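Going by the UniProt record's numbering, the sequence shown opens with residue 1, and the numbers climb by one from there.
Glycine included, every Cβ here is placed at the ideal spot set by N, Cα and C.
Only a predicted model underlies this, so the values are computations on that prediction, with no experimental measurement involved.
Here's the structure, in structure tokens; my notes come after.
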Amino acid sequence: MATAAARHILVKTESEALELKEQIAAGADFAELAKKHSTCPSSRDGGNLGSFGPGQMVPEFDAVVFSAPLNEVQGPVKTQFGMHLLEVTSRQD
């Protein structure tokens with residue numbers, strides 16, 4: 001079964017997500033921004049979600065995680081929890 005590892009930053013608004021994405025593109029550290037801004041408990045670990053398989057996350061999340069290029073920030077992705085910036089750190093088929 002396929003598995004992936006990812007990290008994310010969860011915020012309330014699309015504008016906040018886009019602002020953070022710009023900071024990352026300008027060289028800011030993803031993990032540090034996750035610790036400072038993410039509302040998810042994973043923020044304590046720099047947004048790291050660990051490894052998971054298809055169907056273990058919400059569908060909008062899965063769609064990105066199992067198709068996006070590795071180590072590129074994706075999003076904002078809207079889910080019932082808010083707006084996510086996602087980075088797939090590894091994927092096994």
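* Assigned secondary structure, E19 (DSSP; H/G/I helix, E/B strand, else coil) -> Three-state result, E19: helix.
* To do: Look at the Cβ atom of G53, then the Cβ atom of A2, and state whether they are nearer than 8 Å.
  => Taking 8 Å as the Cβ cut-off, G53 and A2 qualify as a contacting pair.
* Tell me whether the beta-carbon of R7 lies closer than 8 Å to the beta-carbon of F30. => Yes. Within cutoff.
* Asked: Since M57 contacts V11 with CB under 8 Å, what's their CB separation in whole angstroms?
  -> For M57 against V11, the beta-carbon gap comes to about 17 Å, at or over 8 Å, which does not count as contact.
* **Strand pairing of S90, partner residues [DSSP]** => Partner(s): A5.
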